[in-house]
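J.:
Protein chains in written order, with the numbering used here: chain X, 32 to 232; chain L, 40 to 472.
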């Protein structure tokens, strides 16, 4: 995935490079989840269309369907959203209000960056902890998803815990690299990322 | 502490966190936590985890990444060239000539794309150089694009309407359909403005391109077929009730990939880049939604929005006066905040007030989109301005000034839908299903 890895291919020490690889892997899993949503939903649409045609032709639907497709699309969405968090952070694609920030001098900006990374690590760590507790609780009580194919809820919930845990690592990584003066900047800032269609932020 | 004082404290905390440059999603989360830990005895952490799980695994919300991905695929395809070539020959007789390509092109692209910045970028990439080469007035070329780009938010599919619909638990299909008439209204208003301007300043409109025979024009228009088919497929299937927005969005991705493949612009590189870009953007939005969902619940625990609604009720404002106040408030907010943040703050805090005033939820969704459209073109933070800055290299100030007439037209459109609410509510009321 040449264009897609490029933003992270900026050397910043062995650990930093390994962590960037971790963020990218997690995002690649998220991207696969999006592909899976598209596939599952399209299959269901195709099944609906086949039913429609067969009802017109032979008077009864084929009864084709993708079982639990709505639930699975939701689970895949949660996984896609949270597994992509660290990579999105690394690419500088999470929204922040920079109008005041930009007015600060270089010293003020680096102080603000350090504060943001620390606050980010704290909040994300708190969020991670309780999300993992939720996974543990769902496992303990054996909660199942509703629908035709009951799935133990802790499995999709775990994707949120994993994504948030890696996000916390990414914030700590950012914090320590900033303190040590080796932060390469958000990947998007050097223009090496294929920005694609700009988002409404 | 007095709940209203508590509300003020939290508001100050939110703006303080945002001002330091903390990511919006985390600022929302942090303020929600603060409100819960300080002003209530509820178990904040558990509520955070369960709220987040409930808000993140949603069938309706799955439409969001699909529509974003569809936009990314089309952004990388040959669509903008096709649209320019297909539209231009028909518009060269109208006063204002090819400037209308910006308006109509954005209007059409908005019907397959849910984002205003992406709409402005896709159309502008092709039309701005072509217009400059023919000697069109740069101020009006850029202004029309900045203004019409915002149609991406209103004409379905719309990312902002998905965010709003999920936030207030309103049918996204109905919201989409509600956006159709106001969207067409805006296209007409923008084109009328361009035509009027051209009639008043004939010396600033360059001569038309050499005339094209009808046959040639029709042949060129065939290049519009794929985008028209996509529009019919996506909006038509939602309106007739054949498909939910999520179904339509997934199908839209497949069709866009097919179109991109047939026009020879699909490669592993463009596929991967589009997919990763969609992954980033939808993750960014989902994270804000997660923060906002928690903030909404936390606000519910503190009781602040309810009290705010009760307080507003004691003022006995008429709904129109309330809307006027809200419009001014949102325009100010739009100068510093992005559209999605405005919408999530609205659904978390303002919604109870609006409902208490008896304002229709569906109608308010369109109202807020129109206001957010204005926010997209007000400096210093206006994402369409940033996109155009990237495309043209002109100063933010120049672009913002070029967009002023379109800001005024949007304001006029807000007044129109307020006076004639049926513009919004007529179509959804007649929807199938």
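Beta carbons are placed, not taken as given, at the ideal position from N, Cα and C, and that holds for glycine.
Decide if residue 177 of chain X is buried, meaning its Cβ has at least 16 other Cβ atoms within 10 Å, or exposed.
T.: For the purposes of this step, residue 177 of chain X is taken as the residue at position 146 of the first chain. It counts as exposed.
J.: Helix, strand or coil: how does DSSP classify residue 249 of chain L here?
T.: Residue numbering aside, residue 249 of chain L sits at position 210 when the second chain is read from its first letter. Correct three-state label for residue 249 of chain L: coil.
J.: Can you say whether residue 248 of chain L is buried or exposed, counting buried as having 16 or more other CB atoms within 10 angstroms of its CB?
T.: As a working mapping, residue 248 of chain L is identified with position 209 in the second chain. Residue 248 of chain L should be labelled exposed.
J.: Using a threshold of 8 Å, state whether the C-beta atoms of residue 100 of chain L and residue 207 of chain L are closer than that.
T.: For the purposes of this step, residue 100 of chain L is identified with residue 61 of the second chain, where counting begins at 1. For the purposes of this step, residue 207 of chain L is identified with residue 168 of the second chain, where counting begins at 1. In this structure, residue 207 of chain L does not lie closer than 8 Å to residue 100 of chain L by Cβ.
J.: Output, in sequence order along the chain, the residues in the stretch 155-172 of chain X whose CB is closer than 8 Å to any CB in chain L.
T.: 155, 157, 158, 160, 161, 162, 164, 165
J.: Are the C-beta atoms of residue 322 of chain L and some chain X residue less than 8 Å apart?
T.: Working through the second chain from its first residue, we reach residue 322 of chain L at position 283. It does: the Cβ of residue 322 of chain L has a partner Cβ on chain X nearer than 8 Å.
J.: Does DSSP classify residue 205 of chain X as helix, strand or coil?
T.: By 1-based counting over the first chain, the position of residue 205 of chain X is 174. DSSP places residue 205 of chain X in helix when its eight states are reduced to three.
J.: Which residues of the stretch 92-108 of chain L have a Cβ closer than 7 Å to any Cβ of chain X? Give them in chain order.
T.: 92, 95, 96, 97, 98, 100, 101, 104, 105, 108
J.: With distance defined between alpha-carbon atoms, name the residue in L/391, L/360, L/430, L/392 nearest to residue 457 of chain L.
T.: Against the second chain, residue 457 of chain L aligns to sequence position 418. The option with the nearest alpha carbon to residue 457 of chain L is L/360.
J.: Got a sec: is the Cβ-Cβ distance from residue 63 of chain L to anything in chain X below 8 Å?
T.: Looking up residue 63 of chain L in the second chain gives position 24. So yes, residue 63 of chain L belongs to the interface.
J.: Have a look at residue 244 of chain L and residue 225 of chain L and give me their C-alpha separation to the nearest angstrom.
T.: What you label residue 244 of chain L is simply residue 205 of the second chain in a count that begins at 1. What you label residue 225 of chain L is simply residue 186 of the second chain in a count that begins at 1. When rounded, the distance between both Cα atoms is 23 Å.
J.: With DSSP collapsed to three states, give me the class of residue 67 of chain L.
T.: Within the second chain, residue 67 of chain L is the residue found at index 28, counting from 1. Note: residue 67 of chain L maps to helix in three-state DSSP.
J.: If I'm right that residue 79 of chain L touches residue 340 of chain L with Cβ under 8 Å, what's the distance once you round it to whole angstroms?
T.: Taking the first residue of the second chain as position 1, residue 79 of chain L is located at position 40. Taking the first residue of the second chain as position 1, residue 340 of chain L is located at position 301. Sure, about 5 Å apart at Cβ, within 8 Å.
J.: Tell me which residues share the same chain as residue 217 of chain X and place their Cβ nearer than 6 Å to its Cβ, disregarding the 5 neighbours each side in the sequence.
T.: For the purposes of this step, residue 217 of chain X is taken as residue 186 along the first chain, with counting starting at 1. Cβ neighbours of residue 217 of chain X beyond the five flanking positions: 123.
J.: Using 10 angstroms around the beta-carbon of residue 179 of chain X, count the other beta-carbons present and answer buried if the total reaches 16, otherwise exposed.
T.: By one-based count along the first chain, residue 179 of chain X stands at place 148. Exposed, because fewer than 16 other Cβ atoms sit within 10 Å of the Cβ of residue 179 of chain X.
J.: Between residue 47 of chain L and chain X, is there a C-beta pair that is closer than 8 Å?
T.: Here residue 47 of chain L refers to the residue found at position 8 when the second chain is read from its first residue. Taking Cβ atoms only, chain X never reaches closer than 8 Å to residue 47 of chain L, which makes this a no.
J.: Could you tell me which chain L residues have their CB closer than 8 Å to the CB of residue 134 of chain X, listed as they occur along the chain?
T.: The residue given as residue 134 of chain X occupies position 103 in the first chain. In chain order: nothing, as chain L lies at least about 10 Å away.
J.: Just the Cα atoms here: how many angstroms apart are residue 43 of chain L and residue 346 of chain L?
T.: Working through the second chain from its first residue, we reach residue 43 of chain L at position 4. Working through the second chain from its first residue, we reach residue 346 of chain L at position 307. Near 7 Å, if we compare the C-alpha coordinates of residue 346 of chain L and residue 43 of chain L.
J.: Can at least three beta-carbon pairs, one atom from the stretch 101-118 of chain X and one from the stretch 318-328 of chain L, be found at a separation below 8 Å?
T.: Below 8 Å, enough C-beta pairs join the stretch 101-118 of chain X and the stretch 318-328 of chain L to call them touching: three or more.
J.: Can you find a CB in chain X that lies within less than 8 Å of the CB of residue 419 of chain L?
T.: Residue 419 of chain L sits at position 380 when you count from the first residue of the second chain. Yes, because at least one Cβ of chain X sits closer than 8 Å to the Cβ of residue 419 of chain L.
J.: Which residue or residues does DSSP assign as beta-bridge partners of residue 175 of chain X?
T.: Walking along the first chain from the start, residue 175 of chain X turns up at place 144. According to DSSP, which records beta bridges pairwise, residue 175 of chain X is partnered with X/183.
J.: Just confirm the distance between the C-beta atoms of residue 137 of chain L and residue 143 of chain L, as a whole number of angstroms; I'd bet it's less than 8 Å.
T.: Looking up residue 137 of chain L in the second chain gives position 98. Looking up residue 143 of chain L in the second chain gives position 104. That belief does not hold up - the Cβ atoms of residue 137 of chain L and residue 143 of chain L are roughly 10 Å apart, past 8 Å.
J.: Can you confirm whether the stretch 64-75 of chain X touches the stretch 270-281 of chain L when touching is taken to mean that 3 or more C-beta pairs between the two stretches lie within less than 8 Å?
T.: no
J.: Helix, strand or coil for residue 129 of chain L per DSSP?
T.: Counting from one through the second chain, the residue named residue 129 of chain L turns up at place 90. Of the three classes helix, strand and coil, the one that applies to residue 129 of chain L here is helix, per DSSP.
J.: Looking at C-beta atoms only, is the number of pairs between the stretch 198-215 of chain X and the stretch 41-53 of chain X that lie closer than 8 Å three or more?
T.: yes
J.: When you compare only the Cα positions, how much space is there between residue 82 of chain X and residue 270 of chain L?
T.: One-based indexing of the first chain puts residue 82 of chain X at position 51. One-based indexing of the second chain puts residue 270 of chain L at position 231. Answer to the nearest angstrom: the Cα atoms are 24 Å apart.
J.: Could you check if residue 86 of chain X is buried or exposed, using at least 16 other CB atoms within 10 Å of its CB as the buried criterion?
T.: Along the first chain, read from residue 1 onward, the residue named residue 86 of chain X stands at position 55. By the 10 Å Cβ count, residue 86 of chain X comes out exposed.
J.: For the stretch 191-262 of chain L, which segments carrying the alpha helix (DSSP H) assignment without a break, of at least 4 residues, lie completely within its bounds, in sequence order?
T.: 198-207, 211-217, 219-239, 253-260
J.: Hey, would you say residue 423 of chain L sits closer than 8 Å to residue 185 of chain L, going by beta carbons?
T.: As a first step, residue 423 of chain L must be located in the second chain, where it is residue number 384. As a first step, residue 185 of chain L must be located in the second chain, where it is residue number 146. Closer than 8 Å, so yes.
J.: Since residue 127 of chain X sits in a beta bridge, which residues does DSSP pair it with?
T.: Residue mapping note: residue 127 of chain X aligns to position 96 of the first chain, counting from 1. Partner(s): L/62.
J.: Where does residue 96 of chain L fall in DSSP's three states?
T.: Position 57 of the second chain, counting from 1, holds the residue named residue 96 of chain L. The answer is coil: DSSP assigns residue 96 of chain L none of H, G, I, E or B.
J.: Does any residue of chain L have a CB that is nearer than 8 Å to the CB of residue 193 of chain X?
T.: Numbered from 1 along the first chain, position 162 holds the residue referred to as residue 193 of chain X. Under the 8 Å criterion on CB atoms, residue 193 of chain X is classed as non-interfacial with respect to chain L.
J.: So with Cβ pairs under 8 Å, would you call residue 327 of chain L a contact of chain X?
T.: To locate residue 327 of chain L, count along the second chain from 1; it is residue 288. Yes, residue 327 of chain L counts as interfacial toward chain X.
J.: Between the Cα of residue 374 of chain L and the Cα atoms of L/404, L/398, L/291, L/418, which residue gives the shortest distance?
T.: Position 335 of the second chain, counted from the first residue, corresponds to residue 374 of chain L. Of the candidates L/404, L/398, L/291, L/418, the one whose C-alpha sits nearest the C-alpha of residue 374 of chain L is L/418.
J.: Determine, using beta carbons only, whether residue 251 of chain L comes closer than 8 Å to chain X.
T.: For the purposes of this step, residue 251 of chain L is taken as the residue at position 212 of the second chain. No, residue 251 of chain L lies away from the interface with chain X (no Cβ there is under 8 Å from its Cβ).
J.: Going by the beta-carbon positions, is the gap between residue 306 of chain L and residue 191 of chain X smaller than 8 Å?
T.: Translated into positions along the second chain, residue 306 of chain L becomes position 267. Translated into positions along the first chain, residue 191 of chain X becomes position 160. No, Cβ-Cβ distance for residue 306 of chain L and residue 191 of chain X is not below 8 Å.
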